[in-house]
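The listed protein sequences correspond, in order, to chains A and B.
Positions 1 to 160 (this note's numbering) are the ones given, in order, by the first sequence.
Positions 1001 to 1160 (this note's numbering) are the ones given, in order, by the second sequence.
Beta carbons are placed, not taken as given, at the ideal position from N, Cα and C, and that holds for glycine.
Working notes, structure below.
Protein chains: 2
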Amino acid sequence: MNRTIRLHPIGIIETPYTETTKMPIQGCFENKVIGCCRLFSKYEKGLNGLDEFSHAILIYQFHKSTEEAVESEPFLENKVHGIFSIRSPNRPNRIGMSIVKIKEIKENRLYFTEVDMLDGTPLLDIKPLIKHFDNRENVISGWLDKQFEGGNIPENTILK
Amino acid sequence: MNRTIRLHPIGIIETPYTETTKMPIQGCFENKVIGCCRLFSKYEKGLNGLDEFSHAILIYQFHKSTEEAVESEPFLENKVHGIFSIRSPNRPNRIGMSIVKIKEIKENRLYFTEVDMLDGTPLLDIKPLIKHFDNRENVISGWLDKQFEGGNIPENTILK
């Protein structure tokens, strides 16, 4: 069952971040920067109706990651965790997922805020965020809950 | 930039659903059925620490989808939408994403509820659900909001 799955980008994500410096570790920590999903023309029709939604889920490739580690240190803690309990880009298959805020859709371009990916990122899928499907109550977020205790925002949410 | 991205499954998702009959369209509509991510042994260490979290995000391939449509009808409405504004499995790259509730982790097996995928699904990634990153307020869910108005649960959330 260790077969190869072949994917093709549906477009490219354009952002002001050409390196990780000053990039937020997650989009929710910086809401002014604007990014754009520029879809290849054959996928343009796929955006129809997405402008009725406030948020989208972008699925993409961490194309600058060179390592596919099974354990690693997250940005917010100097401690090794299993790769599936952190959101590090250096993960098997190097798939990234971000929730972004939709700003405008023009032809094959989806403009958004809450940007946390590098310029030139290959885009694999866009899904609408649907609160009736995706909202969960009583979420326990493991080692991160203590970092955000009492509304605290830890240092290092913007990369140096 | 239309290069091929090659992925390899990190494991297989085992569920009681060998066909879509009786399967929920999203995991949140059925919370008793148990599924299991059976990771290939070289990825087992990647699960370390995930048992501290209540929920995980599974990313996988819709391996039974044969079509990669750009427009389609969703399960809940007989109307054509752009594929990126619905959650249909018949989408470019056929990537699925589900939020599931973690029940137990034993060696290379992650047991979970809120199952909405077919048995034998190739698993591509597991990410922890982190409320400090993934929670969004004031989400507008387009054509779906009217279906769920006033706490209504539409018919067809379980497939026939």
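Item: Taking its Cβ as the centre, do 16 or more other Cβ atoms sit within 10 Å of B/Ser1088, making it buried, or is it exposed?; Value: buried
Item: Quick check: is the beta carbon of A/Asn161 nearer than 8 Å to any beta carbon in chain B?; Value: This structure cannot speak to residue 161 of chain A, because chain A is shown only from 1 to 160.
Item: Helix, strand or coil for B/Lys1045 per DSSP?; Value: helix
Item: Contact criterion: CB-CB distance below 8 Å. Does A/Pro89 meet it with respect to chain B?; Value: no
Item: Quick one, are the C-beta atoms of B/Gly1011 and B/Leu1039 less than 8 Å apart?; Value: yes
Item: How about A/Thr121: is its C-beta nearer than 8 Å to some C-beta of chain B?; Value: no
Item: Can A/Asn152 and B/Leu1007 be called in contact, C-beta distance under 8 Å?; Value: no
Item: Looking only at C-alpha atoms, which of B/Trp1143, B/Phe1053, B/Gln1147 and B/Glu1114 sits nearest to B/Glu1014?; Value: B/Glu1114
Item: Please tell me whether B/Leu1118 has its Cβ less than 8 Å away from any Cβ of chain A.; Value: no
Item: DSSP state of B/Ile1153, grouped into three classes?; Value: coil
Item: Given this structure, state the Cα-to-Cα distance separating B/Glu1068 from B/Arg1003, to the nearest angstrom.; Value: 17 Å
Item: Anyone know if the C-beta pair for B/Ile1166 and A/Leu58 falls short of 8 Å?; Value: One cannot answer for residue 1166 of chain B here, as it falls past the ends of chain B, which runs 1001 to 1160.
Item: To the nearest angstrom, how far is the alpha carbon of B/Glu1155 from that of B/Leu1076?; Value: 8 Å
Item: How many whole angstroms separate the CB atoms of A/Gly150 and A/Ser85, which I take to be in contact at a CB cut-off of 8 Å?; Value: About 23 Å separates the two Cβ atoms, so there is no contact after all.
Item: Using a C-beta cutoff of 8 Å, does A/Pro162 count as contacting chain B?; Value: Chain A is shown from 1 up to 160; residue 162 of chain A falls before or after that span and cannot be answered.
Item: Can you tell me which of the three DSSP states A/Gly120 falls into?; Value: coil
Item: Put A/Glu19 into one of helix, strand or coil per three-state DSSP.; Value: coil
Item: Are there three or more Cβ pairs, one per stretch, closer than 8 Å when the region 129-148 of chain A is compared with the region 1121-1136 of chain B?; Value: yes
Item: Whose C-alpha, out of A/Asn108, A/Ile5 and A/His81, is nearest the C-alpha of B/Lys1045?; Value: A/His81
Item: When Cβ atoms are compared, which residues of the region 121-147 of chain A fall closer than 9 Å to chain B?; Value: Pro122, Leu124, Asp125, Ile126, Lys127, Pro128, Leu129, Ile130, Lys131, His132, Phe133, Asp134, Asn135, Arg136, Asn138, Val139, Ile140, Ser141, Gly142, Trp143, Leu144, Asp145 and Gln147
Item: Answer with buried or exposed for A/Pro16, where buried requires no fewer than 16 other C-beta atoms within 10 angstroms of its C-beta.; Value: exposed
Item: Counting only beta-carbon atoms, is A/Tyr43 nearer than 8 Å to chain B?; Value: yes
Item: I think B/Tyr1060 touches B/Met1117, with their Cβ atoms under 8 Å apart; what is that distance to the nearest whole Å?; Value: 6 Å
Item: Return the first residue and the last residue of the beta strand (DSSP E) that B/His1055 is part of.; Value: His1055 to Gln1061
Item: Name the two residues that bound the continuous alpha helix (DSSP H) containing B/Lys1131.; Value: Lys1131 to Asp1134
Item: Closest to A/Ser98 by CA distance: which of B/Ile1005, B/Lys1127, B/Asn1031 and B/Lys1032 is it?; Value: B/Lys1127
Item: Give the residues from the region 61-74 of chain A that approach chain B closer than 7 Å (Cβ to any Cβ), ordered along the chain.; Value: Gln61, Val70 and Glu71
Item: Are the beta-carbon atoms belonging to B/Tyr1111 and B/Cys1036 less than 8 Å from one another?; Value: yes
Item: Within the same chain, show all residues whose beta-carbon is closer than 8 Å to that of A/Ile158, passing over the 5 residues directly before and after it, in chain order.; Value: Lys22, Met23, Pro24, Ile25, Phe29 and Glu30
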